[in-house]
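Engineer: Protein chains in written order, with our numbering: chain A, -1 to 136; chain B, 28 to 393.
Ideal Cβ positions, reconstructed from N, Cα and C, are used throughout, including at glycine.
1. Going by the DSSP bridge assignment, what does residue 91(B) pair with across the sheet?
2. Once the 5 residues before and after residue 175(B) are set aside, which same chain residues still bring their CB inside 8 Å of it?
3. Helix, strand or coil: which one does DSSP assign to residue 36(B)?
4. Three or more C-beta pairs under 8 Å: does that hold for the segment 73 to 87 of chain B against the segment 228 to 240 of chain B?
5. Figure out for me which residue from 206(B), 255(B) and 221(B) has the closest Cα to the Cα of residue 107(B).
6. At which residues does the beta strand (DSSP E) containing residue 141(A) begin and terminate?
7. Which of the three DSSP states, helix, strand or coil, is assigned to residue 337(B)?
8. If I follow the unbroken beta strand (DSSP E) through residue 352(B), where does it start and stop?
9. Listing by chain order, which chain B residues have their CB less than 8 Å from the CB of residue 45(A)?
10. Measure from the C-beta of residue 251(B) to each C-beta in chain A and report whether the shortest distance is under 8 Å.
11. Can you name the residues of chain A whose CB is closer than 8 Å to the CB of residue 395(B)?
12. With a threshold of 8 Å between beta-carbons, can residue 55(B) be considered close to chain A, or not?
13. Is there at least one Cβ from chain A nearer than 8 Å to residue 292(B)'s Cβ?
14. If I measure Cβ to Cβ from residue 40(A) and keep anything under 6 Å in the same chain, skipping five residues before and after, which residues do I get?
15. For a cutoff of 8 Å on Cβ pairs, would you count residue 72(A) as touching chain B?
16. Could you tell me if residue 88(A) is buried or exposed, where buried requires 16 or more neighbouring beta carbons within 10 angstroms of its beta carbon?
17. Residue 23(A) CB to nearest chain B CB: under 8 Å?
18. The alpha helix (DSSP H) that contains residue 97(A), what's its start and end?
19. Output needed in chain order: residues of the segment 69 to 93 of chain B with a Cβ under 8 Å from some Cβ in chain A.
20. Is the beta carbon of residue 405(B) less than 8 Å from the beta carbon of residue 223(B)?
21. Tell me whether residue 31(B) sits in a helix, a strand or coil according to DSSP, three-state version.
22. How is the alpha helix (DSSP H) around residue 181(B) delimited, first residue to last?
23. Examine the Cβ distances between the segment 277 to 292 of chain B and the segment 119 to 132 of chain B and report whether three or more of them are shorter than 8 Å.
24. Residue 53(A) to residue 121(A), Cα distance in whole Å?
25. Does the Cβ of residue 110(B) have 16 or more other Cβ atoms within 10 Å, making it buried, or fewer, making it exposed?
26. For the beta strand (DSSP E) containing residue 132(A), list its first residue and its last residue.
27. What residues match up with residue 60(A) in a beta bridge as DSSP calls it?
28. Would you check if there are 3 or more beta carbon pairs closer than 8 Å linking the segment 172 to 186 of chain B to the segment 196 to 203 of chain B?
29. DSSP three-state label for residue 305(B), please.
30. Would you mind reading off the limits of the beta strand (DSSP E) that contains residue 315(B)?
31. Any contact of the segment 64 to 77 of chain A with the segment 52 to 59 of chain B, i.e. 3+ C-beta pairs under 8 Å?
32. Flag this pair as yes or no: are the beta carbons of residue 322(B) and residue 279(B) separated by less than 8 Å?
33. I want to verify the contact list: residues of chain B whose CB lies under 7 Å from the CB of residue 59(A), in sequence order.
34. Less than 8 Å between CB atoms is the rule here; does residue 284(B) satisfy it with respect to chain A?
35. Am I right that residue 148(B) and residue 196(B) are in contact with their C-beta atoms under 8 Å? What's the rounded C-beta distance?
36. At a Cβ threshold of 8 Å, is residue 237(B) touching chain A?
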């Protein structure tokens, strides 16, 4: 059986101190990667900003960590948008059907809803988006 | 974990991995939102050239606007005029615009494959339900009388009643009126894909009100799509996204839902997907999601399967050649084909309370 001392001697012959540094770093970094992406990933895909856009104008940004009610003038009148506990929704709009108000809270980065008659859309964005698009109800 | 520690580790990783860097570089992402085609359209384009991206976006925007007025069933556009002529039992000429001819011919084939459940000839029935008034202020919706509904259902307007000869359309049934609401968006998205290709754009995503199609990849990765929960709730503990799926080049995802366009009378919801067999909004289904490569087929099939409902959908899916289906019924049961079950990630943990998941796979023969 090969003794540990012998392995170390062979290692010394084959590996330079820089090689050993690389190996140690690689082991350490892979452990860190595992930890970061499996246990510390609450921030992945989490939205931090609300984008409010009227027609094709530039979107206005609001931080999601400040609860507030935003009043924005649209095509046919005002729309009220509520930010609460990191989520957002329409609470009033100057439209007949109020489909936008009927819509659930937006909470995931990439999620969007719009008041079509008032031409106002709201969407969430985060540092790293979980989804490239949202399918289904809008 | 300490932010600085993470920065340090990331920096070390970058140094180590820089030796492995490929020669490929990431393209820039250009996004544009449009209110067009009666919906919200989101365009995402990957390109190295901002001029190229903005030219493509402008071309798509004007094409959506053009098709919207051209294909509108009741306005003064080309299709509106054809409908007026058919209502007078006159033949209608197709002049200058071949896209309508294609709409009619293609939907005729799909209507037959769907056993008539996808039926764009029931424009009069759809109009009877006043869904054209849905954006009007203070409009008082009324449920049509059962006699008027029955009368139109008995007249049985079908795509097969249409005869096209020498650029002229005739109908052997005076109750035929076109409404391509369940087809136009799919065909339009396919047109937009052609526009992207003529502008030499290989990687893009077009999302028209929750129905979408992708081209290529997002910088080498599949497009990651979240699928919304059809159950509308303001209970914020419920998850908004019930499933996720990766889409590859040229794949399309279409959803028909009972929450899209509707009115409520005395607390009862009347939605816009009319069952041509009864004349009333289709029952039994909350939403149907279809994955395939042809957006026009996906659009028609999502409507047909919605109407087919929890019992009949596998038969219609098979006939229409659709392999990837997810149907959520009124009682919150999720039905899927085996092919869809393989592709989709159900966010079960999140939705176990919302929707009791009973994964039935009746589509075994598909």
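Structural biologist: According to the data block:
1. None, per the DSSP bridge assignment.
2. 155
3. helix
4. yes
5. 206(B)
6. It is not possible to answer for residue 141(A), since the shown part of chain A is limited to -1 through 136.
7. helix
8. 351 to 356
9. None at all; the shortest Cβ gap to chain B is about 11 Å.
10. yes
11. Residue 395(B) is absent from the model: chain B starts at 28 and stops at 393.
12. no
13. no
14. Caution is warranted here: a pLDDT of 47 is assigned to residue 40(A), below 50, making its placement in the model unreliable, and the coordinate value is therefore given only provisionally. None.
15. no
16. buried
17. yes
18. 97 to 100
19. 69 and 71
20. Not covered by the structure: residue 405(B). The range shown for chain B is 28 to 393.
21. helix
22. 173 to 182
23. no
24. 13 Å
25. buried
26. 131 to 133
27. 48(A)
28. yes
29. coil
30. 312 to 319
31. no
32. yes
33. Within 7 Å Cβ-Cβ: nothing; residue 59(A) doesn't reach chain B, min ~14 Å.
34. yes
35. At roughly 12 Å, the Cβ-Cβ gap does not stay under 8 Å, so residue 148(B) and residue 196(B) are not in contact.
36. yes
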